[in-house]
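Undergrad: Handing you this structure, nothing more for now.
Protein chains: 2
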Amino acid sequence: MQKKLYTELNRSELEKEYNRVLALYQEFLQAGLQLDMSRGKPSPEQLDLASGMVDVVASTDSFIVENGTDVRNYGNLDGIDEAKRLFSELLEVPEENIAVCGNSTVNLIYDQISQAMSHGICNSTPWQKLEKVKFLCPVPGYDRHFAICEYFGIEMIPVPLYDDGPDMAMIKSLVESDENIKGIWCVPKYSNPTGITYSDAVVHAFASLKPRAKDFRIFWDYAYCVHDWYDERDELLNIFSTCKLYGNEDLVYIFTSTSKISLSGSGISAVAASSKNLADIKQRLQVQRLGFDRVNQLRHVRFFRNVEGIYAHMQKHRAIMAPKFDTVFSLLDQELKTRGIISYYKPKGGYFISVNTLDGCAKRVYQLCKEAGVTLTTPGAAFPYNRDEKDATLRLAPSYPSLAELKKAMELFCLCVRLATLEKLLEEKGYQLNQENPGEI
Amino acid sequence: MQKKLYTELNRSELEKEYNRVLALYQEFLQAGLQLDMSRGKPSPEQLDLASGMVDVVASTDSFIVENGTDVRNYGNLDGIDEAKRLFSELLEVPEENIAVCGNSTVNLIYDQISQAMSHGICNSTPWQKLEKVKFLCPVPGYDRHFAICEYFGIEMIPVPLYDDGPDMAMIKSLVESDENIKGIWCVPKYSNPTGITYSDAVVHAFASLKPRAKDFRIFWDYAYCVHDWYDERDELLNIFSTCKLYGNEDLVYIFTSTSKISLSGSGISAVAASSKNLADIKQRLQVQRLGFDRVNQLRHVRFFRNVEGIYAHMQKHRAIMAPKFDTVFSLLDQELKTRGIISYYKPKGGYFISVNTLDGCAKRVYQLCKEAGVTLTTPGAAFPYNRDEKDATLRLAPSYPSLAELKKAMELFCLCVRLATLEKLLEEKGYQLNQENPGEI
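Chains A and D are the protein sequences, given in the same order.
The numbering of the first sequence is the numbering used here, which starts it at 876 and goes up by one.
The numbering of the second sequence is the numbering used here, which starts it at 876 and goes up by one.
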């Protein structure tokens, strides 16, 4: 049913609608929901899918891997061959360009930035010795990337992110003229949080960059490489081979992990990079540690066997995730889009949906949801320095709640967006609203 | 049988002895040994002791821990409560002063130094911004500690290590006068590589230091806390509570892990520190990662249950390690000490035995062993910048080979020490030896 656009309501209609929505919201306040939609955590049901992984390496099994070493002992600083092969198939990057690491991509990325700060990249000047280091940040983006920059005092420059990727003209012009720009954050497939995937043209534009800084690198966080929830799925061009095409193979680090394939806290991660970049990484690794948990690498190899095993496993995730995405889409469409008060991109996979409210409403929506027991990601988190100038972006993470809980939470979310929008529209028409006590209109 | 001291042999006796030993060495050259005694790797037999650990968390078990969270998911940045309790019992430090981490103490330590370089310690000036940062290094010491210093450009100052700990008068005088001295490396029990344990007086001297630098820290690498191989075992005073006695609780970081208790590559590690230090560490952790592998923490808790479980488990290690240490001691004593050509400390636990040859012999012993197929730790590795000025220290790591292999390797080692010493003594008496081809005397 087509609903009336809020922006076309007159003052008396707005008032009526406000009271109606407020009453519904107050019912939610009574209901005492307790739900967390703030982070992209898999649900227990999803974790169950991979629990069998803890059984596939038993004490009665052999612990000896292909290269003849015992995974229980120290060794294989950059991972076991079997795991390199698995990631090689997954990323379509040669085995010799892969290092398999521990349970966290964020940690891999942090360590890479930390190394660049203290030692530079491939013998460049350590970044800490430079007057200024800048990173480009397609926005909205992943808050943990931005947190790493902030921690190390790297200046962040926002770059608009469109439905086919970031603004490549702007990136090219900045990267090719400013030697202080040393990197860019990319979540190229099912981007966090908008869910868009970079087009082939965008990947080519990245791969053919001629950065002013020799130590400029693309941080390609390929977190959602196989996280397709629909038949029609996004295809991402291979950045590694495309860089090679342009003689630019040192330009990119590709990071991925099984955190949202197997077990979030006990997955394995990998970095794919040119031989030169990988040698640079290993120089650090050999000082930093004696090796990663290879027993856990072996678990992954035994559980998935090969990339087909991963694809098959992801079908099971899809069966859980697709209905959740559908629920979000259908409520957003019915309740909010028809009223003309949000816009959003409909991702075909990944973990997030990013909703744009009217300007100035996002924080208020967050607060209203919070008061009724549903925690969303903090507004602004998807922007460098937490600065969402328009106060209009909210990230939804539908994975963790059950389908029934999600439906309830989304009903509340939709009410809160309506309420915040009505407040704004009424205020624009001269109403004095008491936000502390919204009933007192 | 008391043997004749080499230093008392005359030239013709030396020559005879040399030819005798050379003939024996040449037999070894023929035998084609292939043994690695370079690193403190547990033997497969020792790893078997803890292999059952991979079975104690099965997919049919609960993954929910005390605080109600699911260990398969993200969470508990500083470890699960159960694991904190285990390390609390082990280290005799309150649970709230412990963070339980991943599979590597070296990594924990590296990260701590890296954080100090980029961010300082508890809001001190980042070390990278200082003209000079120095660390005290009791020698001989652990090569991986020194490698971290070298990597970050931290100047290393050697401090003599005696049988009861390092030279505390020297340390006190340096630390209390030089603001550039920011830390000291300690392996306080069964020290790597000499195997000595710090006396109570030494621990008190450490705990009562009044460093000139507010951000000076003791890096207390308590790697061998329960690695006692004999009834009479070394007892180390609790540095944490002793520091507290002196109102000095921020002075120390205690690091330990189960790497040489459970599985070397798949253990768990912990850091114990004052609330202030721990808060400082967590500020980094929350940017650096989303949590450590908690499933593996749960495995450790289920497998050992409590500290008594760890003690009982270490008895099994002892049954394997004690005969190896005995073999080394008995061959060193019979073959070398009686000839007056080495000195060494007889550790009651840990992983290493450090042998002092006559000056100028260590590299030659290493080379002779290598040529006959036995790899020792590189000479000099136990010294900052690999500088063993006397060329007289060799680290033996007897854990990995089987008892039979170890006996063979030690027989070779003893022959090589004799040969190298004889070469030296003969050269001192005017002989021209062809070291490339020792047969050509």
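Yeah, the Cβ is synthetic: ideal placement off N, Cα and C, and Gly gets one too.
These numbers were taken from a predicted model, which means no experiment stands behind them.
1. Unbroken alpha helix (DSSP H) runs of length 4 or more, entirely within the stretch 878 to 943 of chain A: which are they?
2. At what residues does the beta strand (DSSP E) containing residue 1203 of chain D begin and finish?
3. Whole-angstrom Cβ separation of residue 968 of chain D and residue 954 of chain D, contact assumed at under 8 Å?
4. Should the stretch 1044 to 1064 of chain D be called in touch with the stretch 1077 to 1089 of chain D, which here means at least 3 C-beta pairs below 8 Å?
5. May I ask you to check if the CB of residue 1060 of chain D is nearer than 8 Å to at least one heavy atom of the ligand GDP?
6. Can you tell me whether residue 892 of chain A is buried or exposed? The criterion is at least 16 other CB atoms within 10 Å of its CB, across all chains shown.
7. In angstroms with no decimal places, state the Cα-to-Cα distance between residue 909 of chain D and residue 1249 of chain D.
8. Mapping DSSP to helix, strand and coil, what is residue 1009 of chain A?
9. Determine, using beta carbons only, whether residue 1102 of chain A comes closer than 9 Å to chain D.
10. Using a cut-off of 7 Å between C-beta atoms, extract the partners of residue 992 of chain A located in chain D.
11. Residue 1169 of chain A and residue 947 of chain A: beta carbons closer than 9 Å?
12. Who are residue 829 of chain D's beta bridge partners in DSSP?
13. Which residue from D:1232, D:1037, D:886 and D:1224 puts its Cα closest to that of residue 1305 of chain D?
14. For residue 880 of chain A, which residues from the same chain have a beta carbon less than 7 Å from its beta carbon, with the 5 sequence-adjacent residues on both sides left out?
15. Are the beta-carbon atoms of residue 1131 of chain A and residue 1080 of chain A separated by less than 9 Å?
16. Let me know the secondary structure DSSP gives residue 1296 of chain A once reduced to three states.
17. Name the residue from A:1299, A:1185, A:1106 and A:1012 whose alpha carbon lies nearest to the alpha carbon of residue 966 of chain A.
18. With respect to the beta strand (DSSP E) encompassing residue 1093 of chain D, which residues constitute its N-terminal and C-terminal limits?
19. Whose C-beta lies closer than 6 Å to the C-beta of residue 882 of chain A among residues of the same chain, with five residues either side of it excluded?
20. Assign residue 1108 of chain D to one of three DSSP states: helix, strand, or coil.
21. In or out: residue 1199 of chain A buried (at least 16 other Cβ within 10 Å) or exposed?
22. If you measure from the beta carbon of residue 1017 of chain D to each beta carbon in chain A, is any gap under 9 Å?
23. Kindly indicate which three-state DSSP category residue 1314 of chain A falls into: helix, strand or coil?
24. Does any residue of chain D have a CB that is nearer than 9 Å to the CB of residue 1027 of chain A?
25. By how many angstroms is the C-alpha of residue 972 of chain D removed from the C-alpha of residue 1075 of chain D?
26. If you run the structure through DSSP and keep just helix, strand and coil, what is residue 1234 of chain A?
27. Judging by CA-CA distance, which residue of D:1203, D:1137, D:1239 and D:1253 is the nearest neighbour of residue 926 of chain D?
28. In whole angstroms, what is the alpha-carbon distance linking residue 943 of chain A and residue 1256 of chain D?
29. Tell me whether residue 1250 of chain A sits in a helix, a strand or coil according to DSSP, three-state version.
30. Evaluate residue 1064 of chain A with the Cβ neighbour count: other Cβ atoms within 10 Å of its Cβ, from every protein chain shown; 16 or more gives buried, anything less gives exposed.
31. Check whether the Cβ atoms of residue 1062 of chain A and residue 1016 of chain A sit closer than 9 Å, and answer yes or no.
32. Give the interface partners of residue 982 of chain D over in chain A, defined as CB-CB distance under 7 Å, in chain order.
33. Determine whether the beta carbon atoms of residue 1206 of chain D and residue 1289 of chain D lie at a separation below 9 Å.
34. Terminal residues of the continuous alpha helix (DSSP H) containing residue 1026 of chain D?
35. Write down the C-beta distance between residue 1272 of chain D and residue 913 of chain D rounded to the nearest angstrom, noting that I regard them as a contact closer than 8 Å.
36. Closest to residue 921 of chain D by C-alpha separation, out of D:1190, D:1301, D:1203 and D:1229, would be which residue?
TA: Quick answer:
1. 886 to 906 and 919 to 924
2. To locate residue 1203 of chain D, count along the second sequence from 1; it is residue 328. That residue, residue 1203 of chain D, is in no beta strand (DSSP E); its alpha helix (DSSP H) goes 1182 to 1206.
3. Sequence index remark: in the second sequence, residue 968 of chain D carries index 93 (1-based). Sequence index remark: in the second sequence, residue 954 of chain D carries index 79 (1-based). Contact doesn't hold; Cβ gap of about 14 Å is too wide.
4. yes
5. Ligands are entirely absent from the displayed structure, and the ligand GDP is therefore not among its contents.
6. Residue mapping note: residue 892 of chain A aligns to position 17 of the first sequence, counting from 1. Result: buried.
7. Sequence index remark: in the second sequence, residue 909 of chain D carries index 34 (1-based). Sequence index remark: in the second sequence, residue 1249 of chain D carries index 374 (1-based). Their Cα atoms are separated by approximately 6 Å.
8. If you number the first sequence from 1, residue 1009 of chain A lands on position 134. If DSSP states are grouped into helix, strand and coil, residue 1009 of chain A belongs with the strands.
9. The count along the first sequence starts at 1 and reaches residue 1102 of chain A at position 227. Closer than 9 Å: no.
10. Here residue 992 of chain A refers to the residue found at position 117 when the first sequence is read from its first residue. Listed along chain D, the residues sitting closer than 7 Å to residue 992 of chain A by beta-carbon distance are 993.
11. Stepping through the first sequence from its first residue, residue 1169 of chain A is reached at position 294. Stepping through the first sequence from its first residue, residue 947 of chain A is reached at position 72. Cβ distance < 9 Å, so residue 1169 of chain A and residue 947 of chain A count as in contact.
12. The structure shown does not extend to residue 829 of chain D, since chain D is modelled only from 876 to 1316, so the question has no answer here.
13. The residue you call residue 1305 of chain D lines up with position 430 of the second sequence. It is D:886.
14. Within the first sequence, residue 880 of chain A is the residue found at index 5, counting from 1. Excluding sequence neighbours, residue 880 of chain A sits near 1214 and 1215.
15. Sequence index remark: in the first sequence, residue 1131 of chain A carries index 256 (1-based). Sequence index remark: in the first sequence, residue 1080 of chain A carries index 205 (1-based). In this structure, residue 1080 of chain A does not lie closer than 9 Å to residue 1131 of chain A by Cβ.
16. Start at 1 with the first residue of the first sequence, and residue 1296 of chain A comes out as number 421. It is helical.
17. Position 91 of the first sequence, counting from 1, holds the residue named residue 966 of chain A. It is A:1185 whose Cα lies nearest to the Cα of residue 966 of chain A.
18. Here residue 1093 of chain D refers to the residue found at position 218 of the second sequence. Taken as a continuous stretch (DSSP letters only), the beta strand (DSSP E) holding residue 1093 of chain D covers 1092 to 1096.
19. Counting from 1 along the first sequence, the entry for residue 882 of chain A is found at position 7. Listed in chain order, the non-local C-beta contacts of residue 882 of chain A below 6 Å within the same chain comprise 1215, local neighbours out to five positions each way being set aside.
20. Within the second sequence, numbered from 1, the residue matching residue 1108 of chain D stands at position 233. The answer is coil: DSSP assigns residue 1108 of chain D none of H, G, I, E or B.
21. The residue given as residue 1199 of chain A occupies position 324 in the first sequence. Label assigned to residue 1199 of chain A: buried.
22. For this step, residue 1017 of chain D is matched to residue 142 along the second sequence. Output row for residue 1017 of chain D: interface = no.
23. Looking up residue 1314 of chain A in the first sequence gives position 439. Note on residue 1314 of chain A: pLDDT 48, under 50, position unreliable in the model; no value is reported.
24. Counting from 1 along the first sequence, the entry for residue 1027 of chain A is found at position 152. True, the Cβ-Cβ gap to chain D drops below 9 Å.
25. Within the second sequence, numbered from 1, the residue matching residue 1075 of chain D stands at position 200. Within the second sequence, numbered from 1, the residue matching residue 972 of chain D stands at position 97. Straight-line spacing of the CA atoms in residue 1075 of chain D and residue 972 of chain D works out to 22 Å.
26. Here residue 1234 of chain A is taken as the residue at index 359 of the first sequence, counted from 1. Of the three classes helix, strand and coil, the one that applies to residue 1234 of chain A here is coil, per DSSP.
27. Numbered from 1 along the second sequence, position 51 holds the residue referred to as residue 926 of chain D. Of the candidates D:1203, D:1137, D:1239 and D:1253, the one whose C-alpha sits nearest the C-alpha of residue 926 of chain D is D:1137.
28. For the purposes of this step, residue 943 of chain A is identified with residue 68 of the first sequence, where counting begins at 1. For the purposes of this step, residue 1256 of chain D is identified with residue 381 of the second sequence, where counting begins at 1. Using only the alpha carbons, I get a separation of about 27 Å.
29. By 1-based counting over the first sequence, the position of residue 1250 of chain A is 375. Here residue 1250 of chain A sits in strand by DSSP.
30. Counted from its first residue, the first sequence places residue 1064 of chain A at position 189. That one is buried.
31. Here the question's residue 1062 of chain A lines up with position 187 in the first sequence. Here the question's residue 1016 of chain A lines up with position 141 in the first sequence. Going by C-beta atoms, residue 1062 of chain A is nearer than 9 Å to residue 1016 of chain A.
32. Within the second sequence, the letter at position 107 stands for residue 982 of chain D. Those are 1163 and 1164, listed as they occur along chain A.
33. The count along the second sequence starts at 1 and reaches residue 1206 of chain D at position 331. The count along the second sequence starts at 1 and reaches residue 1289 of chain D at position 414. Yes. Within cutoff.
34. On the second sequence, position 151 is the one that residue 1026 of chain D refers to. Where residue 1026 of chain D is concerned, the enclosing alpha helix (DSSP H) stretches over 1018 to 1026.
35. Mapped onto the second sequence, residue 1272 of chain D falls at position 397. Mapped onto the second sequence, residue 913 of chain D falls at position 38. Between residue 913 of chain D and residue 1272 of chain D the Cβ distance is about 6 Å, and since that is below 8 Å, they are a contact.
36. Position 46 of the second sequence, counted from the start, is the residue given in the question as residue 921 of chain D. Checking every option, the nearest Cα to that of residue 921 of chain D belongs to D:1190.
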